[in-house]
Structures are given as structure tokens and as C-alpha cells.
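Take a look at the structure set out below.
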Amino acid sequence: MNIDSIKNGIVIDHIKAGQAMKLYSLLELDRLECPVAIIKNAQSKKMGKKDIIKIDTKMEVDLDIIGYVDPDITVNVIEEGKLVEKKHLQLPEILKDVVKCKNPRCITSTENGIPHVFRLCDAEKRLYRCIYCETKAAEEN
Amino acid sequence: MNKLIDILDLSVPEINELIAKASDIMANPENYREKCRYKKMATLFFEPSTRTRLSFEAAMYDLGGKVLGFSDAQSSSVSKGESVSDTVRTASIYSDIIVMRHPKEGAPLVASYKSEAPVINAGDGGHNHPTQTLTDLFTIQKEKGRLGNLTVGFCGDLKFGRTVHSLISALSRYSGVRFVLISPNELKLPSYIKDGVLVKNKLEFTETKDLESVMESLDVLYMTRVQRERFFNEEDYLRLKDSYILTPEKLKTAKSDMIILHPLPRVNEIHVSIDDDPRACYFEQVRNGKYIRMALILKMLGIE
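In C-alpha cells form, the structure reads like this:
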């Protein structure tokens, strides 16, 4: 299957197979007017299967969100059809308004206008906890 | 210092300094009677409290300061739907220091972001209660003469017992403390404390359901109440509420110098006949609570 290569934009590559839609939603790519291609289950020598997202415009993507989903994802910036930058990701220390706290006893469940903030507690386990109530960030599937 | 939300906001030297100050205030109260003259403390209690609120208010009065606030969310604009942020912002305009209790976890942290005055967490749901922990540490230091090299048993509701969480976190920083966790399965210590504090710091701990089997090993027994207000389901509360009741018979194997602590209020988990036992220190805790809070108020207001 072939998708046209992009001239100016972003290619989010090496997404674990099945994760592209989650990333699409977290990055709010549905708000974009430009063409966005989601390629699922593409063949990969390294990963077997992988997902890819191609965004056909120059824009800033939230690297913290991508790093939270998977720090092994690669973000390639394309200009005039050429790869000009490969962005390296890491697990962000702080996640702001990326995931919501699910604890009904947490102040975020009733107080309007405050951000949902999670702090990285264990990088090895990729464990984040709410800064208000210390509840673990729940995986959203 | 602009906030005390979690006991770990204070370093060990700072805690030791507060304990020394509280001891000095207790010995020489006349030296402190005017220290907070013209200062105002707002007590914002969105949830009922007897000891914590009274001890904070008594502490401020004994320092020569004044107190304003509310002791029930229904008597404030919260009942009209006002947010924590707006309530605190308003209170901080009229006061020099804020003491806040709230049923939602993290509410005092939100308050500290909005307040112009320093904020003290006086209990946020089942989460943290750092000034009770300061009281507990002060009492242990006074009664046992040390905060390290102790075997400390925590009994009852270890899941929702915020005082348990804070005290375990605080004691984890002293060497040679062994933790004995006594609770029914449903009320075990949450993983963020067990894994995040005890396992992570490689501390010695055991878990059991049987209080009597571990009684003789304890230097400190910290009893807790199974709190009705923490349960969404009344049936679960009724099933678990009488899990542990401390009686003179159960104390037979305890050390003669063990101390019994309880953050109070109690319902029936310590039989009243134990109140006269020299090992019962829970009303001493109440007394100590005022002095350690006086020391804390002075520190947070930057008064020597």
C-alpha cells in the first residue's frame, strides 16, 4: 500500500501497531484542516508491524504527549520533501491536561478550571501519579 | 515556607527544629504570648473537625493572634457553589496564614496555588494530614526519646487512614524503624505508600491480620478508626468497623513501655478501660498537638 510522501510536514513513525488512533486523539489531530494519513499495521523490519501518522503541514506537535505514549516513537520533520530534523523523545517529567484523574475523591473531580497534572514517579515502569491525590494515571484504551 | 501539604515538604532537620521549638514553647509559654500579635489565621474547614480546628485556634490565640473562618462548608459561599480556588483567594486577602481541611484529596494543594498567604493542610480526604503527623512525631519523641530504632505497629484502617500514610512517610526517613501493618484485606495500605515508600526505600515491614500475634514486638501501637465517611457503601463499613478493638486482655503481651497512640476521634476501637493505662498516650497527643502547631505557625510566618 502506498501513501504519497509529503513535501512539508511531520511524519510520526515507529508507533506501536494499534496506538495510532490513541495518539491521533491525544494530539487532537482531528482539528486539523490539512490532509492527515494514518497508516495502520505497516511492515517494519524492527517492529514487525507499526503504525505511522503523516501530517501534511508544518506544525508543532506536543512531544510530551508522544513521549508519554511511547518514547521510542520517532518524529521526523520534512521540508521540501527532505528529512531536515529527527526529534528525539523522552518520558516527560510532567503531563499537563493529557490524561484525567479517575479518582472520584480527587479535587479535580469537582473543581473547575484546574489542570489535570501528573508527575513521573518511576521512569522504568512509566508510572505517573496525579499531583493532587497521587492516584496512578490510568491507561486509556 | 509558603505551604505544608505533605509531611515530606519538611526535611528531617526542619521537623527536629519544630519539635525542639514545641518543647521550648511547652516549657516557657510566657515567652510566646505576643509573638503573633496583629496576625490573623483563617481556618477553612469544609469538613467537620474537633481536635485539629480547636488546636489550631488555641495555638493562634496562645501566640497572641486572632482567628477567623468557618467550621462547616454549609455556612460559607461553598454552599452556593463557590470553588475552592475562589474561597481561598478571598480568605488569603483577609488573613496572614490559612489552615484548610477539605474532603477532596489535593484541595489544599490547589489552594496553595491561589493563596497570597501560606497554606497548611489540616487534612484532605483520606490523603494527607501533616500536622497530625507532626503531633505524632512530637509525642513519640517525648515518650520514647527517639524517632529511630523503633518497631511501630499500625492497626485498623490503613487504606483510608491519612494519618497512617503521613506517619509512615515521615518515619521512613529515620533509621532502624520496622513497620508492622495490621489490617483486614479490604483496608490494607495503598500501593502508593507500600511500594512508593516502604518497598522503594527497602524498609523492613510485615503485614498481618492478627494484632495479638505481633503485640509483644511493638514499641509503638498506632490505632485508627474505621471511618464511615470514607466508604461509598454502608454495607462495607458495617462489615469492617469492628475489625479491631483494643482491650486490656489483648494488651497482656505488650511491652510495659510500649505506647498506644490514636489520632482520635475513636469510636470503640480502644476500650475506655485502657485510658488509665500508663501506656495510653492519645490524650497526650491532643495536648502536644497545640504546641507543635504553635511552632509550625511561627515557622510559616517567619517569626523566631
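Protein chains in written order, with the numbering used here: chain W, 74 to 214; chain G, -5 to 298.
Beta carbons are placed, not taken as given, at the ideal position from N, Cα and C, and that holds for glycine.
| Check | Outcome |
| --- | --- |
| Quick one: does Ser79/G have its CB under 8 Å from some CB of chain W? | yes |
| Excluding the five sequence neighbours on either side, which residues of its own chain have a C-beta within less than 7 Å of the C-beta of Val6/G, listed in chain order? | Arg167 |
| With distances taken Cα to Cα, identify the nearest neighbour of Asp236/G among Glu201/G, Asp151/G and Thr129/G. | Asp151/G |
| Cβ of Ile88/W within 8 Å of Cβ of Ile128/W? | no |
| Check whether chain C comes within 8 Å of Gly120/G, counting only Cβ atoms and requiring the distance to be less than that. | No chain C is part of this structure, whose protein chains are labelled W and G. |
| How is Ala36/G classed by DSSP in three states: helix, strand or coil? | strand |
| As an exercise, report each continuous beta strand (DSSP E) stretch of at least 3 residues that is fully enclosed by the stretch 161 to 222 of chain G, in chain order. | 171 to 176, 199 to 202 and 214 to 217 |
| Going along chain G in order, which residues have a C-beta closer than 9 Å to the C-beta of Tyr205/W? | Lys98, Glu99, Gly100, Ala101, Leu103, Val104, Asp118 and His121 |
| Could you tell me the boundaries of the beta strand (DSSP E) in which Tyr201/W lies? | Leu200 to Cys203 |
| Listing by chain order, which chain W residues have their CB less than 7 Å from the CB of Phe186/G? | Note that residue 186/G is Tyr in the sequence shown, not Phe. Those within 7 Å of Tyr186/G in chain W are Arg202 and Glu207. |
| For the stretch 68 to 113 of chain G, list the alpha helix (DSSP H) runs that are entirely contained and at least 4 residues long, ordered along the chain. | 78 to 88 and 101 to 108 |
| Out of Thr44/G, Ile176/G and His123/G, which one is the CA nearest neighbour of Phe64/G? | Thr44/G |
| Residues of chain G with a CB under 7 Å from the CB of Ile146/W: which are they? | None at all; the shortest Cβ gap to chain G is about 28 Å. |
| Measure the alpha-carbon distance for Pro23/G versus Leu290/G and round it to whole angstroms. | 15 Å |
| What number of angstroms, rounded off, separates the C-alpha of Glu76/G from the C-alpha of Ile(-1)/G? | 22 Å |
| With distances taken Cα to Cα, identify the nearest neighbour of Ala67/G among Lys60/G, Met94/G, Ser86/G and Asp56/G. | Met94/G |
| Along the beta strand (DSSP E) that carries Ile254/G, what are the first and last residues, could you check? | Ile253 to Leu255 |
| Inspect the beta-carbon positions of Leu131/G and Leu141/G and report whether they are closer than 8 Å. | yes |
| Taking only beta-carbon positions, decide if Gly58/G is within less than 8 Å of chain W. | no |
| Return the residue from the list Met209/G, Leu38/G and Ser177/G that minimises the CA-CA distance to Val220/G. | Ser177/G |
| Between Leu155/G and chain W, is the shortest Cβ-Cβ distance under 8 Å, so that the two count as touching? | According to the sequence provided, residue 155/G is Gly. The question's Leu does not apply to it. So, not an interface residue. |
| Interface residues of chain W around Gly296/G at Cβ under 8 Å? | Within 8 Å Cβ-Cβ: nothing; Gly296/G doesn't reach chain W, min ~26 Å. |
| Assign Thr44/G to one of three DSSP states: helix, strand, or coil. | coil |
| Using the Cα positions of Gln92/W and Lys209/W, report the straight-line distance between them to the nearest angstrom. | 20 Å |
| CB Ser79/G to CB Val104/G, shorter than 8 Å? | yes |
| Using beta-carbon positions only, say whether Glu180/G and Cys206/W come within less than 8 Å of one another. | no |
| In the DSSP assignment, the alpha helix (DSSP H) including Asn10/G goes from what residue to what residue? | Val6 to Ala21 |
| Would you kindly check if the distance between the Cβ of Leu192/G and the Cβ of Cys149/G is under 8 Å? | no |
| Considering only DSSP beta bridges, list what Phe148/G is partnered with. | Leu175/G and Tyr216/G |
| Given a threshold of 16 other Cβ atoms within 10 Å of its Cβ, counted over all protein chains shown, does Lys153/G qualify as buried or as exposed? | buried |
| Rounding to the nearest angstrom, what Cα-Cα distance links Leu99/W and Leu105/W in this structure? | 13 Å |
| May I have the straight-line CA-CA distance separating Asp137/W from Leu164/W, to the nearest angstrom? | 7 Å |
| Of all Cβ atoms in chain G, is any one closer than 8 Å to the Cβ of Asn185/W? | yes |
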